[in-house]
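Read the structure below first, then the notes.
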Amino acid sequence: MPQTLAQRFTVALPLVGVALLLTSMVLPVQFAIVAWGLAMITFLTALACAIIAERERRADRRVVRPIGSR
């Protein structure tokens with residue numbers, strides 16, 4: 030089954046966020062604040078992508094059933 034863009038972002042963006050958080054530990058304070066903020070933005074974007082991917086998955090599962098069938 031091919032992955033959608035939202036599913037790929039759901040996996041990739043948290044990794045980018047972790048990289049930004051780890052990088053913020055070795056940066057000066059002003060840059061660390063920016064890196065931390067960008068990491069939070071990537072985590073929130075990944076959460077939104079996960080929600081979108083789950084909704085798409087649920088929509089794909091729905092099957093139209095003929096009237097009168099169980």
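Using this note's numbering, the first residue of the sequence shown is number 30, and each one after it goes up by one.
Using N, Cα and C, we set each Cβ at its ideal position, and we do this for glycine too.
- Between the C-alpha atoms of R84 and A75 there is a straight-line separation of about 14 Å.
- With a cutoff of 9 Å on beta-carbon distance, A79 and L49 are scored as not near each other.
- DSSP places P43 within a helical segment (H, G or I) once states are collapsed to three.
- C-alpha of Q32 to C-alpha of L51: approximately 28 Å in a straight line.
- Look at L56 here: in three-state DSSP terms it is coil, with no helix or strand label.
- A88 places its beta carbon 9 Å or farther from that of T39.
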